[in-house]
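Visitor: Heads up: the sequence shown at position 150 corresponds to 150 in mature numbering (1 follows the signal peptide of the UniProt record, and there is no 0), and the numbers run straight through without jumps.
Think of the CB as a built atom: it goes at the ideal place given N, C-alpha and C, for glycine as much as any other residue.
As the structure is a prediction and not an experimental result, all values here were calculated from the model.
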Amino acid sequence: GTTLGTSAAEKGRYFGAAVAAGKLGDSTYTTVLNREFNSVVAENEMKWASTEPQRNSFNYSSADRIVNHATSRGMLVRGHTLLWHAQQPTWAQNLSGSDLRSAAINHVTRVATYYRGKIHSWDVVNEAFADGGGGGRRDSNLQRTGNDWIEAAFRAADAADPGARLCYNDYNTDGVNAKSTGIYNMVRDFKSRGVPIDCVGFQSHLGGSVPGDYQANLQRFADLGVDVQITELDVAQGSNQANVYGTVTRACMAVSRCTGITTWGVRDCDSWRGGENPLLFDCSGNKKAAYTNVLNAL
Ligand code: XIL
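See the structure below:
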């Protein structure tokens, strides 16, 4: 293919970008988005604070602008994210215990039901594991409702939208390390007990190198019987940026259950990583060297 999306599609995969609803009126942005990508994810608009700003009062207007933009053009939509310790509405931050648990599960049910049939893959739970060597859960208000909150969320999402792929998503999981192994053990346990999990997302916010066991780490999760996806790829600008992008893309292509790659934005100026210029297109929408390496690897 001649674009990221068509090339990925030829290999049965998608190539996506995180999209901000407020940029859909920027023609430089939409020209690149519509030409190159066949999947989108909302950068912020599907997070809890956005979709349920007041308890039991839901607002999908910004998220729907992104979903409609995508579906009317035949693009897939990743859903990000149903539950996360960050970007929660203030009312939820102030809850705890069984009240927070029921509010969280209600949130999962309502949002997944609203979007039933429209979401290819949902990040049901985002970033629930701690960094460092312990391999355990991150402390959060959700974790303090009980260790079973993650499986409760997956069961609720499955009941609401049985057709969506249900993913666990996290960062600093790009090689075999204590954090990724903690997640691996959770997924293995979920699969053994029939908890509905279909995929694991590897954010892959990277610097100048790729862990040597990046592909092996993807493969060990795939071997548990889940799909794997690269969900938020961006790579700090520097001499190695194009190589890192190529290596990550080749790793995904070498793992048959690696079903897609998403970059966390379109152009460098759209990135949450400020001056790091970590994406595939410059601020004018021109293709960078990293783009060529990705296209050649697809
Ligand atoms: C980031 C967005 O890009 C920013 O606009 C926002 O201010 C903070 O969140 N991991 C995730 C994403 O799962 O949701 C985060 O997105 C980046 C890190």
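Is it buried or exposed, P53, if we count other Cβ atoms within 10 angstroms and call 16 or more buried?
Guide: Here residue 53 is taken as the residue at index 53 of the sequence shown, counted from 1. Exposed, since its Cβ has fewer than 16 Cβ neighbours within 10 Å.
Visitor: Is the CB-CB distance between D170 and I183 below 9 Å?
Guide: Residue 170 sits at position 170 when you count from the first residue of the sequence shown. Residue 183 sits at position 183 when you count from the first residue of the sequence shown. Yes.
Visitor: Whole beta strand (DSSP E) runs in the region 10-41 with 3 or more residues, listed along the chain?
Guide: 14-19
Visitor: Go ahead and pull the three-state DSSP assignment for R116.
Guide: As a working note, residue 116 is residue 116 in the sequence shown. In this structure, R116 counts as coil in the three-state DSSP scheme.
Visitor: Which word fits N126, buried or exposed, when buried means at least 16 other C-beta atoms lie within 10 angstroms of its C-beta?
Guide: Counting from 1 along the sequence shown, the entry for residue 126 is found at position 126. Per the 10 Å Cβ criterion, buried.
Visitor: DSSP state of E151, grouped into three classes?
Guide: Along the sequence shown, one-based indexing puts residue 151 at 151. If DSSP states are grouped into helix, strand and coil, E151 belongs with the helices.
Visitor: Look up W84 in the DSSP assignment and say whether it is helix, strand or coil.
Guide: By one-based count along the sequence shown, residue 84 stands at place 84. W84: coil per DSSP, three-state reduction.
Visitor: Could you give the DSSP three-state label for S72: helix, strand or coil?
Guide: The sequence position of residue 72 within the sequence shown is 72, counting from 1. In this structure, S72 counts as coil in the three-state DSSP scheme.
Visitor: Which term fits C283, buried or exposed, when burial requires 16 or more other beta carbons within 10 angstroms of its beta carbon?
Guide: Numbered from its first residue, the sequence shown carries residue 283 at position 283. That one is exposed.
Visitor: Given 8 Å as the limit, tell me if H85 has its C-beta closer than that to any heavy atom belonging to the ligand XIL.
Guide: Taking the sequence shown and counting its residues from 1, the one referred to as residue 85 is at position 85. No - the ligand XIL has no heavy atom lying nearer than 8 Å to the Cβ of H85.
Visitor: Whole angstroms are fine: how far does the CA of G201 sit from the CA of V32?
Guide: As a working note, residue 32 is residue 32 in the sequence shown. As a working note, residue 201 is residue 201 in the sequence shown. Looking at the two C-alpha atoms, the distance is approximately 24 Å.
Visitor: Quick check: what's the CA-CA separation for A21 versus T81?
Guide: Along the sequence shown, read from residue 1 onward, the residue named residue 21 stands at position 21. Along the sequence shown, read from residue 1 onward, the residue named residue 81 stands at position 81. About 16 Å.
Visitor: Which residues bound the beta strand (DSSP E) around Q215?
Guide: Residue mapping note: residue 215 aligns to position 215 of the sequence shown, counting from 1. Here Q215 belongs to no beta strand (DSSP E); instead the alpha helix (DSSP H) covers 214-222.
Visitor: Can you round the beta-carbon distance between I150 and A128 to whole angstroms, since I take them to be within the 8 Å contact cut?
Guide: As a working mapping, residue 150 is identified with position 150 in the sequence shown. As a working mapping, residue 128 is identified with position 128 in the sequence shown. The beta carbons of I150 and A128 sit about 6 Å from each other, so the pair counts as a contact at 8 Å.
Visitor: Closer than 7 Å by C-beta to V255: which residues in its own chain qualify, once you throw out the five before and the five after it? Chain order, please.
Guide: Here residue 255 corresponds to residue number 255 of the sequence shown, with the count starting at 1. Excluding residues within five positions, the ones whose Cβ falls inside 7 Å are Q215, L218, Q219, A222, V228.
Visitor: Helix, strand or coil: how does DSSP classify S61 here?
Guide: On the sequence shown, residue 61 is found 61 positions in, with the first residue counted as 1. It is helical.
Visitor: Is it the case that the CB of E43 approaches a heavy atom of the ligand XIL more closely than 8 Å?
Guide: Counting from one through the sequence shown, the residue named residue 43 turns up at place 43. Because some heavy atom of the ligand XIL lies under 8 Å away, the Cβ of E43 counts as near it: yes.
Visitor: In three-state DSSP terms, what is E127?
Guide: For the purposes of this step, residue 127 is taken as residue 127 along the sequence shown, with counting starting at 1. Coil at E127, not helix or strand.
Visitor: Should Q88 go down as buried or exposed, given a rule of 16 or more other Cβ atoms within 10 Å for buried?
Guide: As a first step, residue 88 must be located in the sequence shown, where it is residue number 88. Result: buried.
Visitor: Can you tell which of G274, R267, R110 has its C-alpha closest to the C-alpha of F281?
Guide: Within the sequence shown, the letter at position 281 stands for residue 281. Looking at the Cα atoms, R267 is the closest of the given residues.
Visitor: Look at the Cβ atom of L166, then the Cβ atom of S121, and state whether they are nearer than 9 Å.
Guide: Position 166 of the sequence shown, counted from the start, is the residue given in the question as residue 166. Position 121 of the sequence shown, counted from the start, is the residue given in the question as residue 121. Yes.
Visitor: Decide if Q93 is buried, meaning its Cβ has at least 16 other Cβ atoms within 10 Å, or exposed.
Guide: Mapped onto the sequence shown, residue 93 falls at position 93. Exposed, by the Cβ-count rule.
Visitor: At the level of alpha carbons, what is the spacing between F154 and R144?
Guide: Here residue 154 corresponds to residue number 154 of the sequence shown, with the count starting at 1. Here residue 144 corresponds to residue number 144 of the sequence shown, with the count starting at 1. So the alpha carbons of these two residues sit roughly 17 Å apart.
Visitor: When DSSP builds the beta bridges, which residues end up paired with I230?
Guide: Position 230 of the sequence shown holds residue 230. Looking at the DSSP assignment, I230 forms a beta bridge with F202, I261.
Visitor: Hey, is A17 close to the ligand XIL, as in C-beta under 8 Å from one of its heavy atoms?
Guide: Position 17 of the sequence shown, counted from the start, is the residue given in the question as residue 17. A17 Cβ: outside cutoff for every heavy atom of the ligand XIL.
Visitor: For the ligand XIL, is there a heavy atom less than 8 Å away from the beta-carbon of Y245?
Guide: Within the sequence shown, the letter at position 245 stands for residue 245. No, since every heavy atom of the ligand XIL falls outside the 8 Å radius drawn around the Cβ of Y245.
Visitor: Leaving out five residues before and five after A103 in sequence, what residues of the same chain have Cβ atoms less than 7 Å from its Cβ?
Guide: Position 103 of the sequence shown, counting from 1, holds the residue named residue 103. Cβ within range, chain order: R55, A92, L95.
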